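Residue numbers (UniProt numbering), protein chains in the order written: chain L, 1 to 109; chain C, 1 to 209; chain F, 1 to 368; chain B, 1 to 631. Ideal placement from N, C-alpha and C gives every residue a C-beta, glycine not left out. Please read all numbers here as calculations on a predicted model, not as lab measurements. Inspection log for the structure reproduced underneath, given as structure tokens.
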Amino acid sequence: MAHESTSANPKVNYEYRRRKARDEMRGQVTSFAMMIFMTFIAFIIVIADFDKFYAFPVLLVLAGAQVVLQLYYFMHMSHKGHGTAALFLYSGALIAFVTILTFLTIVWW
Amino acid sequence: MDMNQKYTARTWPESPEKTTLEGKNKFLGFWLFLGGETVLFASLFATYLALKDKVPGNDHALAADMFELPLVFIMTMLLLTSSLTSVYAMYHMKNHNYQKMQTWLLITVFLGLAFLGFEIYEFNHYVHEFHHTFTSSAFGSAFYTLVGFHGAHVVVGLGWFTLLLVRNGKRGLNLYNAPKFFTASLYWHFIDVVWVFIFTVVYLMGMVG
Amino acid sequence: MKNGLKKWRFLPLFAAMAFILSGCGEPFLSTLQPAGEVAQKQFNLMMLSVAIMVLVIIVVAIVYVIAITKFRRSKLGDDFIPKQVEGSHRLEVIWTVIPIILLLILAVPTVALTFELGDQSGMEAEDEEGNREALVIDVRANLYWWEFAYPDQGVVTAQDLVVPTDQNVYFNVIASDVKHSFWIPAVGGKIDTNVDNMNTFYLNFDGEKAEEANNLFYGKCAELCGPSHALMDFKVQTMSQEDFDGWIAAMQESAESEQDFENDTVADGFAVFEEQGCIGCHAVDPTQQIGSSAGPNLTNFGERSYTAGILDNEDSDEVHAENIQNWIRNADVLKPGNTMGGYNEDDLSDEDLDALTEYLMSLKVYSE
Amino acid sequence: MSTVAEKRGFLAVLWDYLTTVDHKKIAILYLVSGGFFFLVGGIEAMLIRIQLAIPDNDFVSAGLYNELLTMHGTTMIFLAAMPLLFAFMNAVVPLQIGARDVAFPFLNSLGFWLFFFGGIFLNLSWFLGGAPDAGWTSYASLSLASPGHGIDFYVLGLQISGAGTLIAGINFLVTIINMRAPGMTYMRMPLFTWSTFVASALILFAFPPLTVGLFLMLFDRMFGANFFDVTMGGNTIIWEHLFWIFGHPEVYILILPAFGIFSDIISTFSKKRLFGYAAMVFATVLIGFLGFMVWAHHMFTTGLGPTANAIFAVATMAIAVPTGVKIFNWLLTMWGGSIRFTTPMLYAVAFIPSFVAGGVTGVMLASAAADYQYHDSYFVVAHFHYVIIGGVVLGLLAGTHFYWPKMFGTMLNETLGKITFWLFLIGFHGTFFIQHFLGLMGMPRRIWKFLPNQGLDLFNMISTVGAFFMALAVIVLLYNVVITQIKNVRVGNDPWGDGRTLEWAIPSPPPYYNFKQLPLVRGLDPLWIEKMEGRKEMTPAEPLGDIHMPNNSFIPFVMSLGLFIAAFGAMYQVDWRASDGADYVWSIPVLIIGMLITIGSMAVRSLKDDHGYHIHKEELMDDHDDKGGRE
Ligand code: HEA
Ligand code: HEA
Ligand SMILES: [Cu+2]
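Set out below in structure tokens:
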């Protein structure tokens with residue numbers, strides 16, 4: 001039961017897979033470039049000394065976007081068969097969020 | 001199925017990490033583990049945020065006094081790049097190109113080592129320049145614990161890659177070790193994810209506020 | 001908690017519960033015999049919830065009893081194959097919606113009372129001259145003893161909390177060593193005395209109910225704090241506003257008045273008190289800063305109802321004297337782990353102890 | 001199997017158990033060690049009750065009392081209740097889903113040994129200078145002030161056994177997701193499997209905060225950090241939050257599997273499929289989810305402010321709804337069924353009202369403004385023993401009787417079982433019902449002694465008498481176990497006769513590979529379906545073929561042992577650093593040696609390929625019925 005046949009004709013399959021992998025690689029390089037870019041922006045925001053009020057949300061959004069790129073492109077969560085993994089990761093993220101929110105609000109009251 | 005069966009690029013399955021039942025289990029189990037790690041790091045972040053700049057006296061250095069952007073920037077670039085190189089490694093793993101995979105993993109390891117070097121330098125700097133130590137204040141304890149936990153993950157990740165490379169150096173890729181390489185690289189990406197939050201929340205937001 | 005009471009359906013049940021439960025416990029200790037507005041409101045909320053819970057239990061019990069009596073295999077025979085029912089949407093809805101309604105009936109007054117009790121704005125109210133209207137008391141919990149300060153009056157005392165009846169009294173509570181919790185069950189719920197920060201809440205001592213309890217309530221530490229956690233009791237003396245004003249005045253006066261000893265033994269006792277170093281931990285100055293000494297302030301020690309919060313003086317000088325001596329000799333046994341420790345004959349001779357006792361019992365400010 | 005085992009020497013059996021990766025044997029390991037710790041925790045409880053029988057008692061000293069109460073709570077929760085649940089999960093879940101094994105047999109064994117060594121470490125504190133004494137919650141200010149090494153034992157012991165629990169949780173999750181037999185869809189899984197699944201998910205997310213909390217405590221106590229030291233900027237409330245973010249889900253980790261056991265028992269002995277199966281599943285998941293949103297109800301009096309208190313109060317109350325759904329579905333399962341009052345069913349039937357009573361007091365506690373009165377009083381003690389004993393322990397006792405034949409191939413004596421049941425039930429209500437009133441009458445919890453003349457004497461005495469009934473019940477159970485194993489009357493696949501799920505379709509105990517051929521699952525309660533169609537066994541889903549099995553391994557034991565050793569080093573290096581600690585210079589080397597053992601065995605594990613072995617088709621065909629003693 002552990003066998004998972006890929007395609008009837010290995011040759012076609014091979015070519016197809018190579019191409020797909022290359023396409024994917026291109027996507028990954030693009031997302032890497034975006035991540036670098038976002039990091040730059042994040043640092044510039046800090047160097048430019050924006051007000052906390054504006055800087056924090058932007059920084060957090062940038063971090064969030066980077067994480068999504070990591071998860072979906074680098075860690076292949078965009079591929080099928082990641083449903084359960086995503087479910088558990090997001091559950092963890094939800095609890096993580098609640099925990100952090102708590103510590104920001106009702107530890108120092 | 002014989003785990004050591006030899007494959008060529010053509011017979012190599014599409015998702016080698018999930019082809020065997022062992023691989024499938026390992027793959028899922030590892031993702032679940034990462035779900036738990038998310039909560040683990042959240043607890044550490046939460047603790048850090050609650051204790052940030054909480055020091056016993058006025059003479060103790062605060063976050064904004066110490067952090068240096070260039071250093072953090074370099075560290076971020078190193079780790080981000082190492083994430084990309086491990087993606088390259090997995091690309092070659094899927095194409096059953098063992099040699100290239102090894103090369104890219106090796107590069108990843110070196111980038112990780114460089115990152116660690118900077119981190120050690122950084123900690124050393126804080127301790128000597130600012131007397132900001134693990135025991136000098138609650139802020140110190142929380143800072144070194146959060147960043148140190150991440151650093152420890154980096155160490156484990158590097159050890160893991162190294163062990164895998166050494167163990168499998170001569171025997172090439174098969175369905176027994178492919179899932180191992182794959183989960184190790186997932187781990188590496190996760191370390192990067194955590195770092196994204198560390199540089200944002202600890203350093204960048206620490207500098208601003 | 002008026003809106004809770006308005007749920008007329010529960011009224012008979014409610015009354016019956018309250019009647020049965022109020023037979024429980026002692027008026028100076030039991031939450032079931034509330035002796036103040038806060039405790040009363042909490043009691044009402046408790047009774048509302050008990051009523052709901054009893055209702056739930058009754059419903060479950062009815063279905064339950066029928067099910068386990070009617071559907072026994074011994075009655076139905078071994079061959080009986082029950083219908084394999086999948087479920088019922090209508091029933092699912094019913095037993096989802098009804099509990100939600102019951103919970104709402106409980107949740108609304110809960111939230112209301114939580115906010116009501118959480119409202120400390122009364123503490124800030126000032127009269128025309130800018131003086132605070134309400135009485136504020138600072139509470140400091142220490143390993144196995146309690147310190148109470150009246151910041152606006154400039155008075156500090158320990159172990160026996162003295163409060164006026166029929167008004168809101170505000171408390172600022174904190175701990176000096178480890179976490180404790182401040183609880184006077186008959187008068188209202190507890191609040192933790194954290195080491196990190198000050199907590200604030202209020203209580204209201206009902207004059208009439210207090211009389212039933214002989215104007216003396218038991219206070220407890222409600223957070224595990226070490227070996228003698230069980231013995232970290234304190235007492236609350238309640239009195240009318242006038243008496244309280246008199247008490248405060250007497251305390252303030254005692255700070256200004258010169259030491260004058262009734263007789264020589266007392267004077268000797270004071271000498272022992274100084275020589276033995278008692279004074280290093282125990283101040284007899286009511287204006288002392290809260291939190292500045294290692295042991296309870298003893299200014300009005302002679303008037304306290306219990307020695308060390310646990311030994312009942314029974315309003316009798318003999319018992320009181322006995323308690324004091326027992327305590328000084330065996331403090332470490334009576335309250336294990338406390339910082340005072342016992343003084344045996346080598347440390348303190350019997351004569352000295354007698355004199356010391358005499359002195360301590362003479363520490364009165366407000367008894368006629 | 002056990003008949004085979006008896007013929008072998010004791011050492012061979014011991015070695016077998018030390019190295020086993022078979023989930024059925026690991027189940028037995030969990031059962032035995034969890035049972036042992038239950039006795040330990042129970043003896044501690046008895047000492048507590050004896051001390052509190054009369055006012056101003058001096059049976060135990062103040063310090064010892066605090067150690068007893070801390071170790072009672074900690075042992076019962078971490079070392080008794082959870083491992084006992086793991087015992088049944090290991091024994092039953094793989095069978096219920098038609099799997100040959102768990103997903104990670106090696107990790108399964110590692111999880112057990114970590115728990116075991118953690119538990120032993122914690123309990124060694126009794127002999128090495130004193131047990132922890134700050135309550136099972138170990139609130140930071142008190143636990144930092146606690147002298148000696150008691151709290152260090154707590155921190156390190158729980159850290160080690162907690163790692164084992166986390167591993168076990170992940171293992172069950174992956175097993176249930178990946179290893180189900182053909183046709184065993186999610187919505188056909190028995191409720192015990194479902195509740196194991198949800199409880200494991202809770203473990204996955206609840207244990208990391210505990211791990212972090214313990215690390216902070218460890219750093220503060222052993223390495224000079226200042227997380228909880230207020231004078232250095234620390235904050236003790238952090239511990240309270242981290243502990244309860246773990247602590248509240250923990251109580252559902254305990255109760256959900258018990259719910260699962262009861263669901264299976266009630267449906268089995270009512271001869272009826274579970275009423276409202278889908279709703280039951282949904283309610284289980286919902287309870288798990290809500291369980292993470294309510295922890296601050298343990299901190300109502302901390303001073304979080306009315307807004308936080310109100311939010312957490314309402315969120316807490318919400319849990320009553322899915323729990324109520326479960327209660328009513330159990331009632332309706334019995335309704336219209338054909339109920340047979342076997343011992344397990346007696347427990348299940350007693351569980352319903354007992355748990356409801358505990359649950360509704362939980363809702364009363366959730367009422368924040370009123371909780372200011374209940375909190376840290378005996379009312380809370382009454383609440384949680386009602387839910388824990390009335391829910392979890394009754395579930396464990398029910399499971400013990402229900403699954404004993406599956407695990408050991410012989411049945412516990414029913415008459416003795418019923419005697420145990422009645423003694424325990426009477427004792428339980430006698431002990432704890434009265435404690436509600438003690439709490440309301442103003443008795444704080446965790447008090448070493450209560451003084452006379454406070455109106456608390458009579459009820460405390462009654463409570464103590466009740467506890468003796470429970471002790472008697474436990475002794476009868478032990479006796480039952482012993483004579484049952486001595487008589488050793490073998491039973492067949494389905495000894496209760498009413499089995500509905502897959503575990504009852506194979507021999508008791510099952511052969512080490514569980515299923516010769518994986519069964520084909522055609523619906524909920526697959527065995528019942530086959531029975532209704534006149535078959536006694538499952539239809540296979542595959543032809544007879546080779547079966548892949550994992551090899552035994554000693555590495556998990558060694559790995560855990562290494563941590564156990566390292567923990568001593570970590571703990572005593574504090575004394576070494578203290579000025580007069582020359583006697584403790586060995587501590588750092590011990591720490592290092594321990595870590596090297598662990599890391600070394602991890603390296604061995606990853607460097608040495610372990611592909612397991614195959615049982616060949618021919619062997620399986622030879623393998624006649626004698627192996628499991630089928631009917
Ligand atoms: C197995 C363990 C277990 C379980 C299942 C529960 C279940 C619940 N618990 Fe309990 N609890 C503990 C173990 C458990 N608890 C422990 C160990 C402590 C103390 C820790 C310590 O301090 O040491 C504690 C403490 C505790 C507190 C803190 C008290 C304090 O310290 O001041 C609170 C407060 O809200 C609470 C609430 C609840 C609620 C609302 C539920 C609910 O899940 C109950 C839901 C069930 C029902 C309500 C019954 C069935 C429902 C119906 C029949 C439907 C209709 C019902 C209504 C409309 C009400 N619990
Ligand atoms: C799974 C959880 C669990 C279980 C099963 C129990 C079971 C029992 N518990 Fe408790 N308990 C807790 C969890 C649990 N408890 C927790 C978490 C606390 C809070 C701790 C804290 O405040 O920090 C607590 C606290 C607690 C207190 C309050 C202490 C205090 O606040 O000062 C009391 C007092 O009555 C008590 C009593 C009992 C009793 C009588 C039993 C009985 O049911 C026990 C029954 C078992 C036995 C009686 C075993 C019998 C053994 C033998 C007969 C010996 C035979 C031996 C050999 C042959 C070797 N427990
Ligand atoms: Cu809870």
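Residue range of the unbroken beta strand (DSSP E) whose run includes Ala175 of chain F: That run of the beta strand (DSSP E) goes 168–175.
Nearest residue (CA-CA) to Ala9 of chain C, options C:Leu175, C:Met207, C:Val193: Measuring C-alpha to C-alpha distances from Ala9 of chain C to each of C:Leu175, C:Met207, C:Val193 identifies C:Leu175 as the nearest.
Residues of the region 298–312 of chain B with Cβ closer than 8 Å to any Cβ of chain D, in chain order: Absent from the structure: chain D. Protein chains present are L, C, F and B.
Contacts of Pro444 of chain B in chain L (Cβ-Cβ under 8 Å): The premise fails here: Pro444 of chain B is roughly 25 Å from chain L at the closest Cβ pair, so nothing lies under 8 Å.
Proximal residues to Ile45 of chain L (C-beta, below 7 Å), its chain only, five neighbours per side dropped: Hits under 7 Å: Ala55, Val58, Leu59.
Residue from B:Phe88, B:Met71, B:Gly150 with nearest C-alpha to Tyr30 of chain B: Residue B:Phe88 is the option with its Cα nearest to Tyr30 of chain B.
Status (buried if at least 16 other CB within 10 Å, exposed otherwise) for Leu363 of chain F: Leu363 of chain F sits buried, since 16 or more C-beta atoms from the chains shown fall within 10 Å of its C-beta.
Straight-line Cα distance separating Thr85 of chain C from Gln102 of chain C: Approximately 11 Å between the Cα atoms of the pair.
Per DSSP, the bridge partner or partners of residue 123 of chain L: Look at the range of chain L in this structure, 1 to 109, and you will see that residue 123 of chain L is not part of it.
Beta-carbon neighbours of Val25 of chain C, restricted to chain B and to distances below 7 Å: Residue 25 of chain C is actually Asn in this sequence, not Val. Correct list: Ala103, Phe104, Val174, Asn178.
Which listed residue (B:Ala320, B:Pro105, B:Leu144, B:Val155) has its alpha carbon closest to that of Lys24 of chain B: Ranking the options by Cα distance to Lys24 of chain B, first place goes to B:Pro105.
Every unbroken alpha helix (DSSP H) inside the region 484–555 of chain B [4 residues or more]: Taking only runs of at least 4 residues, the alpha helix (DSSP H) segments lying wholly in the region 484–555 of chain B are 526–532.
Through-space distance from Gln33 of chain F to Val59 of chain F, alpha-carbon basis: Going from the Cα of Val59 of chain F to the Cα of Gln33 of chain F covers about 29 Å.
Contact between the region 326–341 of chain B and the region 76–88 of chain F (3+ Cβ pairs under 8 Å): Yes, they touch.
Touch test, the region 157–175 of chain C against the region 603–612 of chain B, Cβ-Cβ under 8 Å, three pairs minimum: The count of Cβ pairs closer than 8 Å, one atom from the region 157–175 of chain C and one from the region 603–612 of chain B, reaches three, so the stretches are in contact.
Rounded C-alpha distance that separates Phe515 of chain B from His614 of chain B: Straight-line measurement puts the Cα of His614 of chain B at about 14 Å from the Cα of Phe515 of chain B.
Contacts that Gly92 of chain L makes with chain B (C-beta to C-beta distance below 9 Å): What Gly92 of chain L touches in chain B: Leu204, Phe205, Pro208.
Residue environment, Pro70 of chain C, which counts as buried when at least 16 other CB atoms sit within 10 Å: It counts as exposed.
Residues near Val392 of chain B by beta carbon distance below 7 Å, same chain, minus five either side: For Val392 of chain B, where only same-chain residues beyond five positions count, the Cβ hits under 7 Å are Ala81, Leu254, Ile255, Ala258.
Ligand 3 heavy atom lying under 8 Å from the CB of His297 of chain B: Yes - ligand 3 has a heavy atom lying nearer than 8 Å to the Cβ of His297 of chain B.
Chain-ordered residues of the region 133–157 of chain F with a beta carbon less than 8 Å from chain B: For the region 133–157 of chain F, which is checked against every Cβ of chain B, not one residue is closer than 8 Å.
Within-9 Å CB hit, Phe341 of chain B to chain F: Nearest CB-CB separation between Phe341 of chain B and chain F: below the 9 Å threshold.
Residues near Ser367 of chain F by beta carbon distance below 6 Å, same chain, minus five either side: Exclusion of the five residues before and after Ser367 of chain F leaves Glu303 as the residues of its chain whose Cβ lies within less than 6 Å of its Cβ.
Contact set for Ile290 of chain F: own chain, Cβ-Cβ below 7 Å, skip 5 residues either direction: So the list reads Asp138, Arg140, Glu147, Ala149, Val156, once near-sequence residues are dropped.
Cβ shell of Leu423 of chain B (< 7 Å), same chain only, five flanking positions each side left out: Only Phe469, Leu472, Ala473, Val476 meet the Cβ criterion.
Buried/exposed call for Val387 of chain B, threshold 16 Cβ in 10 Å: So Val387 of chain B ends up on the buried side.
Paired residues, beta bridge with Ala149 of chain F - DSSP: Beta bridge pairing from DSSP links Ala149 of chain F with F:Asp138, F:Val156.
Cutoff 9 Å: Ala186 of chain F Cβ touching any chain B Cβ: At a cut-off of 9 Å between beta-carbon atoms, Ala186 of chain F makes contact with chain B.
Near ligand 1: Tyr374 of chain B beta-carbon under 8 Å from a heavy atom: Correct: Tyr374 of chain B has its Cβ closer than 8 Å to ligand 1.
Burial state of Met1 of chain F, where buried means 16 or more other Cβ atoms lie within 10 Å: Confidence in Met1 of chain F is poor, its pLDDT being 40 and thus under 50, which makes the residue's placement too unreliable to answer from.
Chain B contacts from the region 315–341 of chain F (Cβ-Cβ distance under 7 Å): For the region 315–341 of chain F, which is checked against every Cβ of chain B, the residues closer than 7 Å are Pro336, Gly337.
Closer than 9 Å to chain B by CB, Phe115 of chain F: Yes, Phe115 of chain F counts as interfacial toward chain B.
Pairwise C-alpha distance: Trp496 of chain B and Thr3 of chain B: Low confidence applies here, because Thr3 of chain B scores a pLDDT of 46, under 50, leaving its location unreliable; read the following figure in that light. Take the alpha-carbon of Thr3 of chain B and the one of Trp496 of chain B: they are about 22 Å apart.
Cβ-Cβ distance between Asp546 of chain B and Lys617 of chain B below 9 Å: Their beta carbons are under 9 Å apart, which means Asp546 of chain B touches Lys617 of chain B by this criterion.
Tyr613 of chain B - DSSP class collapsed to helix/strand/coil: Here Tyr613 of chain B sits in strand by DSSP.
Counted within 10 angstroms of its Cβ, other Cβ atoms place Phe75 of chain F as buried (16 or more) or exposed: First, the amino acid is wrong: residue 75 of chain F is Lys here, not Phe. Classification for Lys75 of chain F: exposed.
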